[in-house]
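Position one of the sequence shown corresponds to residue 2 (this note's numbering), numbered consecutively onward.
Accompanying notes for the structure given below.
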Amino acid sequence: QPLNSYSSNSLGIVNTNSEERAILNQYSMKKHIAARQFAKDLRKGHELTVTICLRCQMPMMVHGDELKCVSCPAIHEKAKKIADQKRRVLSTIQRQIDLPADVEDGAESKDDL
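What follows is the structure in structure tokens.
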């Protein structure tokens, strides 16, 4: 899609859910995020289990009597950050596209002379 055909609706194509799906489909990225979260939660007293989360396919942890997936929330937070970064980039591109040609080129208008 050419740059000048982007509309303000283009920002809507980047969302946390789509980024989450992308992470869940990339094993190495998913594993990296999960491993970092495991390390944090092990220091807090959680225990790693052999039970696998049905959503992310990563091991679950137990703390007290609570069995929970610590990877899914971490993946969600990472997806949120990625989506926010992409929206900022798209917004910047959109603002540059919307600039009039003389402003974009840095040319002075007749009124400025």
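Virtual Cβ for every residue (Gly too), placed ideally from N, Cα, C.
Point to revise | Through-space distance from C54 to L43, alpha-carbon basis | key: Residue numbering aside, residue 43 sits at position 42 when the sequence shown is read from its first letter. Residue numbering aside, residue 54 sits at position 53 when the sequence shown is read from its first letter. Going from the Cα of L43 to the Cα of C54 covers about 17 angstroms.
**Study point:** Residue range of the unbroken alpha helix (DSSP H) whose run includes K32
**Key:** If you number the sequence shown from 1, residue 32 lands on position 31. Element bounds for K32: 28 to 44.
Check your understanding: In terms of residues, what are the limits of the beta strand (DSSP E) holding L137?
Key -> What is shown of the chain runs 2 to 114, which leaves residue 137 out entirely.
Exercise for review: Ignore the nearest five residues each way along the sequence and tell me which others in E21's own chain have a CB closer than 7 angstroms to its CB.
Suggested key: Taking the first residue of the sequence shown as position 1, residue 21 is located at position 20. Closer than 7 angstroms at the Cβ level, and outside the excluded window around E21, lie I76, H77, A80.
Point to revise | Between the CA atoms of H33 and S19 - distance to the nearest angstrom | key: Residue mapping note: residue 19 aligns to position 18 of the sequence shown, counting from 1. Residue mapping note: residue 33 aligns to position 32 of the sequence shown, counting from 1. C-alpha separation (whole angstroms): 19 angstroms.
Point to revise | Residue closest to Y28, alpha-carbon to alpha-carbon, out of S72, I98, E67, H47 | key: Locating residue 28 in the sequence shown gives position 27, where the first residue counts as 1. The residue with the shortest Cα to Cα distance from Y28 is S72.
Practice item. Could you check if H64 is buried or exposed, using at least 16 other CB atoms within 10 Å of its CB as the buried criterion? Key: Residue 64 sits at position 63 when you count from the first residue of the sequence shown. Exposed.
Review point. Would you report the Cα separation of A84 and I98, rounded to the nearest angstrom?
Key: The sequence position of residue 84 within the sequence shown is 83, counting from 1. The sequence position of residue 98 within the sequence shown is 97, counting from 1. Answer to the nearest angstrom: the Cα atoms are 21 angstroms apart.
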